[in-house]
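Positions in the sequence shown are counted from 1; adding 393 to them yields the numbering used here.
For glycine and all other residues, C-beta sits at the position ideal for the given N, C-alpha and C.
Working notes for the structure below.
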Amino acid sequence: TVAVTLVVNGSGSDVEALAREIARDPVCHSVWIHTNEKWKHSNAVFDVEGDWKHVHGPRHVADDFGGKGVELRFPPNVFRQANPEAFSNIVDAVKAEARGKCLELYGGVGTIGLNVLEGVDSLVCSDSNPNNVPAFEGALKTLNKRLRKRATYVGLDAEGMVEAGWLKKDFDTVIVDPPRKGCGRAVLEAVNASKAGRLVYVSCGFDAFVRDKQTLEEGGGWVV
Numbered sequence: 394t395v396a397v398t399l400v401v402n403g404s405g406s407d408v409e410a411l412a413r414e415i416a417r418d419p420v421c422h423s424v425w426i427h428t429n430e431k432w433k434h435s436n437a438v439f440d441v442e443g444d445w446k447h448v449h450g451p452r453h454v455a456d457d458f459g460g461k462g463v464e465l466r467f468p469p470n471v472f473r474q475a476n477p478e479a480f481s482n483i484v485d486a487v488k489a490e491a492r493g494k495c496l497e498l499y500g501g502v503g504t505i506g507l508n509v510l511e512g513v514d515s516l517v518c519s520d521s522n523p524n525n526v527p528a529f530e531g532a533l534k535t536l537n538k539r540l541r542k543r544a545t546y547v548g549l550d551a552e553g554m555v556e557a558g559w560l561k562k563d564f565d566t567v568i569v570d571p572p573r574k575g576c577g578r579a580v581l582e583a584v585n586a587s588k589a590g591r592l593v594y595v596s597c598g599f600d601a602f603v604r605d606k607q608t609l610e611e612g613g614g615w616v617v
C-alpha cells in the first residue's frame, strides 16, 4: 500500500478533489495534504510550521520492523528510514551495545530507542521535530508498564540537548544517529566531555563519520 502526501503552496477545492480521487484507489493507505507556503527556495519539502490536513485512511503507518515487538508509528510529518529491513539489522546491533542509563540524540520517533528499551535501565530520547513526540508516546503506550516507566522524550535537537546540560548527566550509553552531515562540533565536544562509557554512532554519511570519528578519538579518547 501507498501513503500519499500532496504538498501544495496554497489551498483550494481542486487539491481536495484530487486527494479524494487518489483515496479511491484500493492501493492507497492514506492521503494527506500539506501546505508549504515558504517563499525561500530550499531542499525542504515539508514546512514544520505548515498546515497538515488528513483526508483519508489511518493517521500513521505502523511498522514493527520485522516483529521486534514495538509497533512504531510514522505519520507523514516525521522521518522514516527508506530501507526498514536493512535498518532492522542496525537496530539489532545497537541493542547489543546499549546498556544502563541511555541517552539518544537525533532520536526521531524512537525507532532505535524504543527497540533498545528492554535491555537498558532507562532511556531519554530526543529530537527537535514536534511531530515526533505524539508518535513516540503512542508507540510507548503499547508497551507494558514496566517498560513505559523507563522512557522519556525531550523535544530538543542535539545542540539544544547540549545547551540544556543533558550530556553532563550520568548516562552510561549515548546513542547518536545524525543526518548525513554528521554531528555538530558542539555535540562532539559534549560527547567527549560526557561521563558515558559507551558511545553508539549510527552513520548516514561515511565521509562525515570519518571526520567525526577523528574528533571523537582525538578529543575524547574513544576507541572506535
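| query | Can we say the region 434–443 touches the region 471–483, given the rule of at least three CB pairs closer than 8 Å? | reply | Between the region 434–443 and the region 471–483, the count of C-beta pairs closer than 8 Å stays below three; the two stretches do not touch.
| field | Cutoff 8 Å; reference valine 616; Cβ partners in own chain excluding five residues on either side | value | Taking the sequence shown and counting its residues from 1, one reaches residue 616 at position 223. Annotation for valine 616: Glu610 place their beta carbon closer than 8 Å to its own, counting only its chain and skipping 5 residues before and after.
| task | Might you give, ordered along the chain, the residues of its own chain that have their beta carbon closer than 6 Å to the beta carbon of lysine 561, omitting 5 neighbours on each side? | result | One-based indexing of the sequence shown puts residue 561 at position 168. Contacts found: none.
| message | Using only the alpha-carbon positions, how far apart do valine 441 and glycine 612 sit? | response | For this step, residue 441 is matched to residue 48 along the sequence shown. For this step, residue 612 is matched to residue 219 along the sequence shown. Straight-line Cα distance between these residues: approximately 35 Å.
| task | Specify whether the region 536–546 and the region 560–577 touch according to this definition: at least 3 beta carbon pairs, one from each stretch, less than 8 Å apart. | result | Output reads no: the region 560–577 does not touch the region 536–546.
| message | Contact defined as beta carbons within less than 8 Å: I believe serine 519 pairs with valine 547. What is the distance between those atoms, to the nearest angstrom? | response | Position 126 of the sequence shown holds residue 519. Position 154 of the sequence shown holds residue 547. With 8 Å as the limit, serine 519 and valine 547 qualify as a contact, their Cβ atoms being about 4 Å apart.
| said: Quick check on this structure: which residue in Leu496, Gly553, Val580 and Arg466 has the alpha carbon closest to the alpha carbon of threonine 535? | reply: The residue given as residue 535 occupies position 142 in the sequence shown. That would be Arg466, whose Cα lies nearest to the Cα of threonine 535.
| task | Starting from the Cα of leucine 498, find the closest Cα among Asp485, Asn525 and Ala475 and give me that residue. | result | Translated into the one-based positions of the sequence shown, residue 498 becomes position 105. Checking every option, the nearest Cα to that of leucine 498 belongs to Asn525.
| task | Give every residue of the same chain whose Cβ lies closer than 6 Å to the Cβ of alanine 579, excluding the five residues on either side of it in the sequence, and list them in chain order. | result | Within the sequence shown, numbered from 1, the residue matching residue 579 stands at position 186. Residues Glu552 and Val555 of the same chain have their beta carbon placed closer than 6 Å to that of alanine 579, with the five preceding and five following residues left out of the count.
| field | Nonlocal neighbours in the same chain, by C-beta distance under 8 Å from glycine 512, ignoring five residues either side | value | Sequence index remark: in the sequence shown, residue 512 carries index 119 (1-based). Counting only Cβ-Cβ distances below 8 Å, and skipping sequence neighbours, we find Lys488, Ala491 and Arg492.
| Looking at the structure shown, is leucine 592 part of a helix, part of a strand, or coil, going by DSSP? | As a working mapping, residue 592 is identified with position 199 in the sequence shown. In the structure shown, leucine 592 sits in a strand (DSSP, three-state: E or B).
| query | Can you tell which of Val395, Glu464 and Lys461 has its C-alpha closest to the C-alpha of histidine 449? | reply | Against the sequence shown, residue 449 aligns to sequence position 56. For histidine 449, the nearest C-alpha among the options comes from Val395.
| field | For serine 519, three-class secondary structure by DSSP | value | As a working mapping, residue 519 is identified with position 126 in the sequence shown. Strand.
| task | Could you work out which residue in Cys576, Ala601 and Pro451 is closest to aspartate 550 when comparing CA atoms only? | result | Against the sequence shown, residue 550 aligns to sequence position 157. Among Cys576, Ala601 and Pro451, the Cα nearest to that of aspartate 550 is on Cys576.
| From the DSSP output, which residues share a beta bridge with serine 423? | Here the question's residue 423 lines up with position 30 in the sequence shown. Residue pairing by DSSP places serine 423 opposite Ala396 in a beta bridge.
| message | Which residue marks the beginning of the alpha helix (DSSP H) containing arginine 466, and which one marks its end? | response | Position 73 of the sequence shown, counted from the start, is the residue given in the question as residue 466. From DSSP, arginine 466 is part of no alpha helix (DSSP H) but of the beta strand (DSSP E) over 465–467.
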